[in-house]
Amino acid sequence: MTRKPSTREPIDDALDLDVLTQPMDDVEAELEARGIDPQRLAAWAGAVARQRLAEKRLAWQSRAHARWQRALDLQPSVDRTSLPNDRDALMAIVQRMRSSIGAPAELAFRKRAPETADIEELKQLIEELALLEALPDDDA
Amino acid sequence: MVCASEDRGGSPCDRNAVLSWWGTVLDGRATEFLATIDWGAVGKRLIAYTLRRLARFSQGSATEEHAMDIVHDAIVHLLDDEHRNWCPNGEPTEEALMLHLGSEINGIVINRQRKVIRGPVHRAFDENGESSDHDPPGSTLEVATFLQRAQALLASNPDARSVLSLFAEGCIKASEQAQELGWPIRRVYKAREHVRAKLQEMQT
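First to last, the sequence lines map onto chains C and V.
Adding 97 to a residue's 1-based position in the first sequence gives its number in my numbering.
Adding 985 to a residue's 1-based position in the second sequence gives its number in my numbering.
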């Protein structure tokens, strides 16, 4: 529950937004009531998006290929033998890297809980985070 | 360099997995997600939403062609701009997509309306946040008065009155209202539709 509205505007806004989530039958009925053929609209919107998406995917594939090539040339920046054997110290490194790398690091943590990892697993995670850290930016 | 080492024993650095994570962070994941969307259904919703916003902000120009023009721009902006951050949590969802497109459309409608009704001097004032006359008519009516009038207009529809009461309490979302009232969501949407129709009458 949000705070009580002081004008009608948030109420109007919320009611207008309903059409983005309410059952499709109702949306189509609203369009038909305005004399608009929903199926014709659907075909039009599908065509607009399909064309743009095809161009977007091609462009992305080309960029991804170039990034992949750059990434393959990278040298890892962490020497496992130089890492401490103390679990707390490794955890501190993981946390520091996690916050400095940002979103890509979060993907590395998917389905993995550093809190329950052993020392070798933490070292591996640090290596992977180091690689993520070293990867070039999108525009590099 | 440990990762490059072939003979260190233990679990090797899974470079391919890392690269794979990295790749999914980039534009690709959102692009793949966008390819799974039923754009026909999205288009219908967006046109209906645009018509509602046009009717609210610029009475008289809520035509299908005008709405299609705006929706076209919103879709193209989204798909052409690879850096557009429409899924800020990194997890593309249809809800996030619809909210982003809805917000984009809202912005286009308001900006176009502003250009129509205002000259350059007034637009400069807008940029300084000193004007709000793109607000729809009646939107600044004192809320208690407005709700009172709306309740009276909805006297014959108890469902709509219940929903309106929740709005007054700050319970705005349909899902929250359904939970509060213990109703199926469809019943809430129906009631909200009645409320919307009445409020629109009050606006015009």
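Glycine included, C-beta positions come from ideal geometry on N, C-alpha and C.
Bear in mind the structure is a predicted one, so any value in this text is a computation, not a measurement.
Between I198 of chain C and L229 of chain C a beta carbon distance of about 6 Å is seen, short of the 8 Å cut, so the two are scored as contacting. By the C-beta criterion, the segment 150–160 of chain C is judged not to be in contact with the segment 1042–1062 of chain V, since fewer than 3 inter-stretch pairs fall below 8 Å. T118 of chain C carries a coil assignment under DSSP once its states are collapsed to helix, strand and coil. Scanning V:S1160, V:G1167, V:L1149, V:T1016 for the CA closest to the CA of K1183 of chain V turns up V:L1149. Between the C-alpha atoms of Q1098 of chain V and H1051 of chain V there is a straight-line separation of about 12 Å.
Counting C-beta pairs closer than 8 Å gives three or more between the segment 123–142 of chain C and the segment 1020–1037 of chain V, which meets the contact rule. Residues of chain C whose Cβ lies closer than 7 Å to the Cβ of A1033 of chain V are, in chain order, V116, V124, E127, L128. Within a 10 Å sphere around the beta-carbon of Q1162 of chain V sit 16 or more other beta-carbons, which makes this residue buried. Within its own chain, no residue has a Cβ closer than 7 Å to the Cβ of K1029 of chain V once the five positions on either side in sequence are excluded.
Excluding sequence positions up to five before and after H1179 of chain V, its CB lies within less than 6 Å of the CB of N1142, A1145, all in the same chain and listed in chain order. Residue-level contact by beta carbon fails for G1167 of chain V and chain C, as no gap is shorter than 8 Å. A direct Cα-Cα distance of roughly 19 Å separates A144 of chain C from T1035 of chain V. Less than 8 Å separates the beta-carbon of E224 of chain C from that of R177 of chain C.
C:V191 is the residue among C:R195, C:V191, C:A111, C:R147 whose C-alpha sits nearest the C-alpha of I216 of chain C. At least one CB of chain C lies nearer than 8 Å to the CB of K1029 of chain V.
With distances taken between CA atoms, L128 of chain C lies nearest to V:R1037 out of V:I1170, V:K1175, V:R1037.
Contact annotation for M121 of chain C against chain V: A1026, K1029, R1030 [CB-CB distance below 9 Å, chain order]. Put simply, the backbone Cα of E1186 of chain V is about 14 Å away from that of F1042 of chain V. Within 8 Å of the CB of D215 of chain C, no CB atom of chain V is found; the nearest one sits about 10 Å away. As the crow flies, the alpha-carbon of R131 of chain C is around 30 Å from that of Q1133 of chain V.
For S103 of chain C, the chain V residues whose C-beta falls within less than 7 Å of its own C-beta are V1128, listed in chain order. N1096 of chain V sits exposed, since fewer than 16 C-beta atoms from the chains shown fall within 10 Å of its C-beta. Using beta-carbon distances, V191 of chain C does not count as an interface residue toward chain V, since no partner is under 8 Å. In the same chain as Q1136 of chain V, and ignoring 5 residues on each side of it, the C-beta atoms closer than 7 Å to its own belong to R1146, L1149, in chain order. Annotation for I1090 of chain V: L1031, Y1034, T1035, R1038, I1055, V1056, A1059 place their beta carbon closer than 8 Å to its own, counting only its chain and skipping 5 residues before and after.
Apart from sequence neighbours up to five positions away, the residues of its chain that approach P181 of chain C with a beta-carbon distance below 7 Å are L187, ordered along the chain. For the segment 1135–1157 of chain V, the set of positions with a beta-carbon nearer than 8 Å to some beta-carbon of chain C reads F1152, A1153, E1154, G1155, C1156, I1157 in chain order.
What D1054 of chain V touches in chain C, judged by beta-carbon distance under 8 Å, is nothing: the nearest beta carbon there is about 11 Å away. By alpha-carbon distance to M1053 of chain V, the top candidate from V:V1173, V:L1084, V:I1093, V:D1065 is V:I1093. The three-state secondary structure of I1022 of chain V, taken from DSSP, is coil. The DSSP-derived three-state label of V1027 of chain V is helix. Assigned with DSSP and collapsed to three states, F1042 of chain V falls in helix.
In terms of CA proximity to K1158 of chain V, C:A111 leads the group C:A111, C:S179, C:A163, C:R193.
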